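The next block holds one structure in the form of structure tokens; read it before the comments.
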Amino acid sequence: MQQLFCTTSLSFITGFEKPSAIQQRSIKPIVKGRDVIAQAQSGTGKTATFSIAILQMLDTTVRESQVLCLSPTRELATQIQKVSQIW
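For the sequence shown, this note's numbering begins at 28 and goes up steadily by one.
Next comes the structure, spelled out in structure tokens:
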């Protein structure tokens, strides 16, 4: 039941109804620890793709830093932070 709630909330908040092509191809390999280079047009969910994968791998019982996400620009860093806060 909780999974359904999360999916519904995520869809409502982010506008996602189903994974984009980039998300379908990239999330599982990232979670499996593989290196992924992905290129897609603006607005296809690239930021959400790696944010979802990273958050999926977090151990919520560990109270230490587990992720360092670097960004080449302040604007992209802000976008990543906003997307990651949704989850």
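All C-beta atoms, glycine included, are put in the ideal place defined by N, C-alpha and C.
The structure presented is a predicted model; accordingly, all values stated were derived computationally and were not measured.
query = Could you give the uninterrupted runs of the beta strand (DSSP E) lying entirely in the stretch 73-104, keeping only those of 3 residues or more?
reply = Correct list: empty.
message = Using a Cβ-Cβ cutoff of less than 7 Å, which residues in the same chain neighbour Thr74 once the five nearest sequence positions on both sides are dropped?
response = For the purposes of this step, residue 74 is taken as the residue at position 47 of the sequence shown. Taken in chain order, the residues that qualify are Gln106, Ile107, Val110.
inquiry  = Quick check: the Cα distance between Gln51 and Ser78, rounded to an integer number of angstroms?
reply    = In the sequence shown, residue 51 corresponds to position 24, counting from 1. In the sequence shown, residue 78 corresponds to position 51, counting from 1. About 14 Å.
query = So, Gln93 versus Val58, is the Cβ gap smaller than 7 Å?
reply = Within the sequence shown, numbered from 1, the residue matching residue 93 stands at position 66. Within the sequence shown, numbered from 1, the residue matching residue 58 stands at position 31. Their beta carbons are not under 7 Å apart, which means Gln93 does not touch Val58 by this criterion.
message = Taking the straight line between their C-alpha atoms, what separation do you get for Leu103 and Gly72?
response = Stepping through the sequence shown from its first residue, residue 103 is reached at position 76. Stepping through the sequence shown from its first residue, residue 72 is reached at position 45. Pairing Leu103 with Gly72, the inter-Cα distance amounts to about 13 Å.
inquiry  = Quick check: the Cα distance between Ala45 and Gln112, rounded to an integer number of angstroms?
reply    = Here residue 45 is taken as the residue at index 18 of the sequence shown, counted from 1. Here residue 112 is taken as the residue at index 85 of the sequence shown, counted from 1. Here the sequence assigns Lys to residue 45, which means Ala is not the residue at that position. If I take the Cα positions, the gap works out to 20 Å.
N-terminal and C-terminal residue of the alpha helix (DSSP H) that Ala65 is part of = Start at 1 with the first residue of the sequence shown, and residue 65 comes out as number 38. Per DSSP, Ala65 lies in no alpha helix (DSSP H) and is assigned neither H nor E.
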